[in-house]
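One structure is given below, encoded as structure tokens.
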Amino acid sequence: MKIIWTILLVVILLIAVSAIAVYSGIYNVAAIQHHSNLTEWVLNKTLYKSVEYHARSINVPDLLDESTLKVGSISYDEMCATCHGGPGVDPSVIGEGLYPEPPDLRESIKQLSAAQIFWITKNGLKMTGMPAFGPTHTDEELWDVVFFVQKLPDISSEDYAALIETTNSKKYKQEHDHSHMVQEHTESDYTNIHNYQLEDQVTDNTHSQTQAPKNNNEEDVHTHTSGEEHDY
Ligand code: HEC
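Residue numbers (my numbering): 1062 to 1293.
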């Protein structure tokens, strides 16, 4: 009987302490106030075990070529570098101010499989600032970034700058958006042929009006039903 009373007392005490911690406002939620080593260990262990468990049945598509890397680098530059930085690129003030800090992926991904990186990128990580890109991107688009991320440790600053150069070109920005990329892929061709059309691979005439977003810079010839042609 005594043991039951003791357990009950401990439980009541725990509830009381938790309630005080929650309602008093004593706990400091500031990002600059870091966790204790023990809390950090518990959170990290929970995170990696959870990722391991949830990514266990993801099949990795068999695909990695030059164009995957290029498309992946561009997506990485747009979607990830602001927090994680990249070869020769520092994280932005947003990345620098986050806690937990976004790790330098060149180091941290060595302990993650492609499936795990994919799961993290698609689903995000609760209470960390790591966003879920699944709601806004297709799996195909995310795999490109994942393959690029896996190659990050081998990519020099110069290679990275060269890879993302196309992104900075005004012409590319006008032609490129994700809906265009989705239209380029079908489920079946994804595993066989990787045919994203990149700026430097596309000749001016290969863009069909339905696939590419309108590009005001490019010379565009429209043929009217009358047979008349206009140059814009
Ligand atoms: C708004 C900031 C932000 C952006 C943008 C962002 N991340 Fe993260 N990411 C984080 C933070 C913060 C963590 C750290 C989570 C932790 O350690 O608890 C993280 C962790 C990760 C991890 C786990 C690494 C590890 O070893 O723990 C991977 C993989 C990752 N991000 C990939 C990406 C990819 C790929 C992109 C772009 C598609 C991306 N992230 C964009 C903030 C961001």
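C-beta: ideal position from N, C-alpha, C; glycine also. In this text, all values refer to a predicted model and were calculated from it rather than measured experimentally.
- Here residue 1121 carries a coil assignment [DSSP, helix/strand/coil].
- Inter-residue distance for residue 1162 and residue 1066 is about 45 Å (C-alpha atoms, whole angstroms).
- Membership of residue 1150 in any alpha helix (DSSP H) is not indicated, and neither H nor E is assigned to it by DSSP.
- Taking C-beta atoms as the reference points, residue 1198 and residue 1166 fail to come closer than 8 Å.
- In summary, residue 1134 is buried, with 16 or more beta-carbon neighbours lying within 10 Å of its beta-carbon over all protein chains present.
- Of the other Cβ atoms in all chains shown, 16 or more fall within 10 Å of the Cβ of residue 1224; this residue is therefore buried.
- With fewer than 16 other Cβ atoms from the protein chains shown falling within 10 Å of its own Cβ, residue 1110 counts as exposed.
- Shown here, residue 1159 sits in coil according to DSSP, grouped into three states, outside any helix or strand.
- For residue 1133, the enclosing alpha helix (DSSP H) starts and ends at 1127 to 1140.
- The Cβ neighbour count for residue 1107, taken over all protein chains shown within 10 Å, is under 16; the residue is labelled exposed.
- For the pair residue 1205 and residue 1187, the Cα-to-Cα distance works out to about 23 Å.
- In the structure shown, residue 1186 adopts extended strand secondary structure according to DSSP, grouped into three states.
- The beta carbons of residue 1136 and residue 1143 sit no closer together than 8 Å.
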